[in-house]
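Residue numbers (the working numbering): 638 to 1030.
From the three backbone atoms N, C-alpha and C, an ideal C-beta is built for every residue, glycine too.
Model, not experiment: these values are computed from the prediction.
Below: one structure, written as structure tokens.
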């Protein structure tokens, strides 16, 4: 008989669900660990799109405590404390096609709530899991604004509740979308509120899975008709003065990231520079500069990370190789590439064979560093028909 206590679902890291998703992409091994996908588009089970209005509704949103303890739960409640499950979320999350039932929410395990703040007016709730992360901000949070516009209630909204508005990309995108700073509430500072009216758009799709309509929304909202004319998008100090303002070949460095760094990045850059690649660190660029660079690029090499969210601004046919740890291979950027008909490849790095040591070094596979296989990367460059343009010693 089945166990009365089935194992809890590991959510976004669920091996059965991940395997099912990977099979749907029909990966093709090209040799030396390089993989690409069939051209067949896949679609996650559609999620309903709506906006719900709750008189006297309450929102409890776990605040980010530090760079690692991120927002891990969101609960939307009626005035009498009933959880609205379809607009509430928590980690470990849920992948498309998951058959496990998720019936309990950690909000009911709280020993006590923070002080309840009363907000006069109508508050649109947009905060999301990991809402401080660029990827989740762009994929899970901003598209919900389009649902508010579609619903016809945009002009009624007094405040927009987001996780935070401290990072430049958060400020720049909200400003571009017509939301003034005085209308922004941060759930990191106001984790438990009750408003006269809560206006809660549905989630834009499965967690981290960008839908086709959301791709169009982001491109229409931020991609200028001619990206090369973006005002102020001057070459950063990382660009060689011998290159055009918007180079066609990019290497996106994670050297300023706290985790998932490329261990042999010096050697990777030495190789790529021979093929005319320009190294960029996105943290040093404005949002508009990032858009312009990805829109102009024809070949992109990048480790798995939020920087690849900018693939949403690429042109069809752009060639992308995603450098990954063999212990953390995920589909999030493959989805974007399929929507836009990009040529997406992924290249797993060398594996760290001593699992006990690996677990000591990295408490979560998500943070594992990447040791790039240089011969495989060079093989991919040749496969793409790229020839060295510099003879570096």
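Helix, strand or coil: how does DSSP classify residue i here?
i, result
"residue 838", "strand"
"residue 989", "coil"
"residue 912", "coil"
"residue 770", "coil"
"residue 917", "strand"
"residue 1010", "coil"
"residue 794", "coil"
"residue 806", "helix"
"residue 877", "Any answer about residue 877 is weak, because its pLDDT of 43 lies below 50 and its placement is not dependable; what the coordinates show is given next. DSSP places residue 877 in coil when its eight states are reduced to three."
"residue 941", "coil"
"residue 731", "coil"
"residue 906", "helix"
"residue 896", "coil"
"residue 968", "coil"
"residue 850", "helix"
"residue 830", "strand"
"residue 928", "helix"
"residue 962", "strand"
"residue 1002", "helix"
"residue 666", "strand"
"residue 783", "helix"
"residue 948", "helix"
"residue 1026", "coil"
"residue 1106", "An answer regarding residue 1106 cannot be provided, because it is not within the stretch 638 to 1030 covered by the chain."
"residue 860", "coil"
"residue 814", "coil"
"residue 759", "strand"
"residue 671", "strand"
Alpha carbons only, please: which of the options is nearest the one belonging to residue i?
i, options, result
"residue 749", "987, 679, 828 and 804", "828"
"residue 716", "738, 936, 669 and 832", "832"
"residue 925", "713, 806 and 784", "806"
"residue 1007", "989, 1015 and 1024", "989"
"residue 913", "929, 937 and 755", "937"
"residue 948", "855, 662, 963 and 902", "855"
"residue 700", "692, 694 and 710", "710"
"residue 801", "763, 834, 849 and 756", "763"
"residue 895", "928, 964, 1018 and 943", "943"
"residue 784", "826, 837 and 754", "837"
"residue 906", "732, 756, 1015 and 679", "1015"
"residue 820", "839, 772 and 792", "792"
"residue 846", "746, 684, 752 and 664", "684"
"residue 809", "679, 885, 922 and 734", "922"
"residue 770", "757, 744, 803 and 786", "803"
"residue 840", "1023, 973 and 731", "731"
Keeping to the same chain, check which residues put their C-beta closer than 8 Å to that of residue i; ignore five residues upstream and five downstream.
i, result
"residue 789", "none"
"residue 1020", "667 and 671"
"residue 963", "985, 986, 987 and 988"
"residue 754", "827, 829, 830 and 831"
"residue 1013", "669, 670, 671 and 984"
"residue 953", "977, 978 and 979"
Within 10 angstroms of its Cβ, does residue i collect 16 or more other Cβ (buried), or is it exposed?
i, result
"residue 704", "exposed"
"residue 968", "buried"
"residue 1010", "buried"
"residue 781", "buried"
"residue 1026", "exposed"
"residue 1001", "exposed"
"residue 818", "exposed"
"residue 851", "buried"
"residue 976", "buried"
"residue 698", "buried"
"residue 903", "exposed"
"residue 877", "Reliability of the predicted coordinates at residue 877 is poor, the pLDDT of 43 falling under 50, and no value is obtained from them."
"residue 719", "exposed"
"residue 893", "exposed"
"residue 747", "exposed"
"residue 884", "buried"
"residue 859", "buried"
"residue 665", "exposed"
For residue i, collect the residues of the same chain with a Cβ closer than 6 Å to its Cβ; drop the 5 residues on either side in sequence, then sort them by chain order.
i, result
"residue 822", "796 and 798"
"residue 653", "none"
"residue 980", "956"
"residue 773", "765 and 767"
By Cβ distance below 7 Å, which residues in the same chain neighbour residue i in space, the five residues on each side in sequence not counted?
i, result
"residue 641", "Note that residue 641 has pLDDT 37, beneath the 50 cutoff, so the model's placement of it is unreliable and no number is given."
"residue 909", "888 and 938"
"residue 848", "841 and 842"
"residue 974", "948, 957 and 981"
Check the C-beta distance from residue i over to residue j and give it rounded, since I have them as a contact under 8 Å.
i, j, result
"residue 725", "residue 739", "In fact, because the Cβ distance is near 10 Å, the residues do not count as touching under 8 Å."
"residue 761", "residue 707", "That belief does not hold up - the Cβ atoms of residue 761 and residue 707 are roughly 21 Å apart, past 8 Å."
"residue 729", "residue 647", "6 Å"
"residue 890", "residue 917", "7 Å"
"residue 649", "residue 844", "7 Å"
"residue 673", "residue 982", "5 Å"
"residue 941", "residue 960", "7 Å"
"residue 713", "residue 693", "With a Cβ gap of about 12 Å, residue 713 and residue 693 do not count as contacting."
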